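Positions 19 to 328 (this note's numbering) are the ones given, in order, by the sequence shown. As structure tokens, the structure follows; a few thoughts come after it.
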Amino acid sequence: MIKKIKLLFITKDLTDYIEKSTIYLVEELRELTDLVIWSNDGHIDSILTEVGFTPDFILLNDFKSDYSPQIHGLKNCGIPRAIIMHDLHYRRSSRKKFIEKEDINHIFSIYRDKFNQWYPEYKDFMTWFPHHVPTTIYKDYHLEKDRKLLLMGSTDRELYPLRHMIAQQLKGNPDFIDYSHPGYLPMNHKKAGYKVEHEYAREINRARIFFTCDSNFHYPVLKYFEVLGCRTLLLASGSQELKDLGFIDGKTFVEINQQNFMEKATFYLNEEIISKEIVMNGARLIEEKHSTEIRATQLVQKIISLIDDK
């Protein structure tokens with residue numbers, strides 16, 4: 019059993035945002051730790067005085083303002099600390115300056131290979147912390163598979179070239195549904211009609227095939243995990259990082275490119291037995307390795323080891 023540590027998690031309040039992986043993580047951390055959340059800018063000494071809480075460890079939810087407030091004085095607070103890093107391409111030089119200025123002890127990076135490419139000087143104190151999904155939401159709703167081909171998310175040509183090509187080539191195809199991306203601002207800032215949480219998961223669960231890609235950065239993005247959790251066949255681009263996460267072509271998902279995506283889709287629409295086997299393997303992968311419950315436990319275990327090493 020994991021001993022309960024006192025954890026201060028510094029993060030913006032993301033309750034009303036579309037992307038809720040931080041919210042799901044917090045729910046699990048509340049079960050595993052004595053958790054205090056801080057969401058405003060400030061100096062760490064003032065923050066600790068205000069909350070009346072002396073943590074064993076401080077965890078920051080990224081350097082990016084979308085995720086975390088601006089915090090100062092960490093270097094001299096005497097408490098071990100780490101940062102979760104999401105969008106690795108964002109202001110790389112400024113991130114490095116922050117890590118050095120505040121003497122960040124450890125980094126939990128959502129993506130491995132781009133981290134090692136862009137932040138090689140921190141490779142030795144990085145822990146790979148891939149995406150995760152709550153299996154209470156991303157699950158089989160046992161809905162009729164009444165959608166053949168589905169794409170949900172950004173199709174920006176520069177950022178997601180494969181998604182863009184799929185959307186363009188299948189436009190007007192009666193078997194294809196494409197939901198535009200609602201953006202990442204709070205939900206009350208967006209137009210009505212977008213789908214989130216259970217409704218979003220149910221929409222994925224209705225599809226026989228879901229298309230996506232890993233962006234021009236080759237990030238193993240969250241959609242890979244969401245689709246497998248919802249028991250839908252994923253057709254998407256692949257990478258070594260995805261293989262190491264268990265996304266194996268023909269076993270847990272189907273790897274595609276700009277030349278073969280329609281050929282592969284046609285084949286798997288006609289081969290239901292093969293498709294169902296891949297879908298079940300993919301669902302098992304999420305349940306056994308990539309649930310939010312599992313990832314939170316891994317995070318806390320690593321934090322405890324960092325505390326013990328101090």
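Glycine included, C-beta positions come from ideal geometry on N, C-alpha and C. Predicted model only: the values in this text are computed from it and were never measured.
Worksheet entry | Member of Tyr108, Ser111, Asn275 whose CA lies at the smallest distance from the CA of Pro179 | Start at 1 with the first residue of the sequence shown, and residue 179 comes out as number 161. Out of Tyr108, Ser111, Asn275, Asn275 has the C-alpha closest to the C-alpha of Pro179.
Discussion item. On the CB-based measure, 16 or more other CB atoms within 10 Å of its CB, does Gly247 come out buried or exposed?
Written reply: Residue mapping note: residue 247 aligns to position 229 of the sequence shown, counting from 1. Under the 10 Å beta carbon count, Gly247 is surrounded by 16 or more other beta carbons and is classified as buried.
Worksheet entry | Enclosing alpha helix (DSSP H) for Phe285 [first to last residue] | For this step, residue 285 is matched to residue 267 along the sequence shown. 279-288 is the extent of the alpha helix (DSSP H) around Phe285.
Worksheet item: Can you find at least 3 beta carbon pairs, one from the segment 259-270 and one from the segment 212-228, that sit closer than 8 Å?
Response: Proximity of the segment 259-270 to the segment 212-228 falls short of the contact definition, fewer than three beta-carbon pairs being nearer than 8 Å.
Worksheet entry | Backbone CA spacing between Ser39 and Ala314 [nearest angstrom] | Counted from its first residue, the sequence shown places residue 39 at position 21. Counted from its first residue, the sequence shown places residue 314 at position 296. About 11 Å.
Worksheet item: Buried or exposed: Ile128, going by 16 or more other Cβ atoms within 10 Å of its Cβ?
Response: As a first step, residue 128 is located in the sequence shown; it is residue number 110 there, counting from the start. Looking at its Cβ environment, which holds 16 or more other Cβ atoms inside 10 Å, Ile128 is buried.
Worksheet item: Under a Cβ-count criterion, where at least 16 other Cβ atoms within 10 Å of its own Cβ denotes burial, should Ser64 be classed as buried or exposed?
Response: Position 46 of the sequence shown, counting from 1, holds the residue named residue 64. Exposed is the call here.
Worksheet entry | Exposure label - Gly190; buried when at least 16 CB within 10 Å | Here residue 190 corresponds to residue number 172 of the sequence shown, with the count starting at 1. Its Cβ having fewer than 16 others within 10 Å, Gly190 is exposed.
Worksheet item: What separation, rounded to the nearest whole angstrom, lies between the Cα atoms of Asp121 and Ile28?
Response: In the sequence shown, counting from the first residue as 1, residue 121 sits at position 103. In the sequence shown, counting from the first residue as 1, residue 28 sits at position 10. Separation of Asp121 and Ile28 (C-alpha to C-alpha, rounded to the nearest whole angstrom) is 16 Å.
Worksheet item: Smallest Cα separation from Thr153: which of Val239, Phe243, His90?
Response: In the sequence shown, the residue the question calls residue 153 occupies position 135. Check the Cα spacing between Thr153 and each of Val239, Phe243, His90: the tightest is with Phe243.
Worksheet item: Which of the three DSSP states, helix, strand or coil, is assigned to Phe71?
Response: Residue numbering aside, residue 71 sits at position 53 when the sequence shown is read from its first letter. In this structure, Phe71 counts as coil in the three-state DSSP scheme.
Item to complete: Mind checking which residues open and close the beta strand (DSSP E) that includes Leu253?
Response: For the purposes of this step, residue 253 is taken as residue 235 along the sequence shown, with counting starting at 1. 251-254 is the extent of the beta strand (DSSP E) around Leu253.
Discussion item. Is the beta carbon of Asn223 closer than 8 Å to that of Thr250?
Written reply: For the purposes of this step, residue 250 is taken as residue 232 along the sequence shown, with counting starting at 1. For the purposes of this step, residue 223 is taken as residue 205 along the sequence shown, with counting starting at 1. For Thr250 and Asn223, yes; Cβs fall inside 8 Å.
Worksheet item: Going along the chain, which residues of its own chain have a beta-carbon closer than 7 Å to the beta-carbon of His207, five neighbours each way excluded?
Response: Here residue 207 corresponds to residue number 189 of the sequence shown, with the count starting at 1. Note that His207 has pLDDT 46, beneath the 50 cutoff, so the model's placement of it is unreliable and the number below is only indicative. Excluding residues within five positions, none has a Cβ falling inside 7 Å.
Worksheet item: Given Met298, which residues of its chain have a CB within under 6 Å of its CB, disregarding the five upstream and five downstream residues?
Response: Taking the first residue of the sequence shown as position 1, residue 298 is located at position 280. Same-chain partners within the cutoff: there are none.
Practice prompt. Return yes when the Cβ of Ile321 is within less than 8 Å of the Cβ of Phe75, no when it is not.
Written response: On the sequence shown, residue 75 is found 57 positions in, with the first residue counted as 1. On the sequence shown, residue 321 is found 303 positions in, with the first residue counted as 1. Closer than 8 Å, so yes.
Worksheet entry | Span separating the alpha-carbon of Gly96 from that of Ser257 | As a first step, residue 96 must be located in the sequence shown, where it is residue number 78. As a first step, residue 257 must be located in the sequence shown, where it is residue number 239. CA-to-CA, the gap between Gly96 and Ser257 works out to about 40 Å.
Item to complete: Within the segment 51-136, note down every full beta strand (DSSP E) run reaching 3 residues or more, in order along the chain.
Response: Listed in chain order, they are 52-56, 75-78, 99-103, 124-127.
Worksheet item: Given Asp105, which residues of its chain have a CB within under 7 Å of its CB, disregarding the five upstream and five downstream residues?
Response: Numbered from 1 along the sequence shown, position 87 holds the residue referred to as residue 105. When the five nearest sequence neighbours on each side are left out, the beta carbons in the same chain lying within less than 7 Å of the beta carbon of Asp105 are those of Lys82, in order along the chain.
Fill in: Boundaries of the beta strand (DSSP E) in which Thr230 is found, first to last residue
Position 212 of the sequence shown, counting from 1, holds the residue named residue 230. It spans 225-230 - the beta strand (DSSP E) in which Thr230 sits, taken as one unbroken run.
Practice prompt. Please classify Leu32: does DSSP put it in a helix, a strand, or coil?
Written response: Here residue 32 refers to the residue found at position 14 when the sequence shown is read from its first residue. Reduced to three states, the DSSP call for Leu32 is coil.
Worksheet item: What is the DSSP secondary structure of Glu37, counted as helix, strand or coil?
Response: Walking along the sequence shown from the start, residue 37 turns up at place 19. When secondary structure is reduced to three states using DSSP, Glu37 falls in the coil class, being assigned neither helix nor strand.
Item to complete: Please classify Arg109: is it buried, with 16 or more other beta-carbons within 10 angstroms of its beta-carbon, or exposed?
Response: Translated into positions along the sequence shown, residue 109 becomes position 91. Per the 10 Å Cβ criterion, exposed.
Discussion item. I believe His149 touches Pro238 by the beta-carbon criterion, under 8 Å. Please report the beta-carbon distance rounded to the nearest angstrom.
Written reply: Position 131 of the sequence shown, counted from the first residue, corresponds to residue 149. Position 220 of the sequence shown, counted from the first residue, corresponds to residue 238. Between His149 and Pro238 a beta carbon distance of about 7 Å is seen, short of the 8 Å cut, so the two are scored as contacting.
Discussion item. Given this structure, state the Cα-to-Cα distance separating Gln319 from Ile195, to the nearest angstrom.
Written reply: To locate residue 319, count along the sequence shown from 1; it is residue 301. To locate residue 195, count along the sequence shown from 1; it is residue 177. Rounded to whole angstroms, the separation of the alpha carbons of Ile195 and Gln319 is 42 Å.
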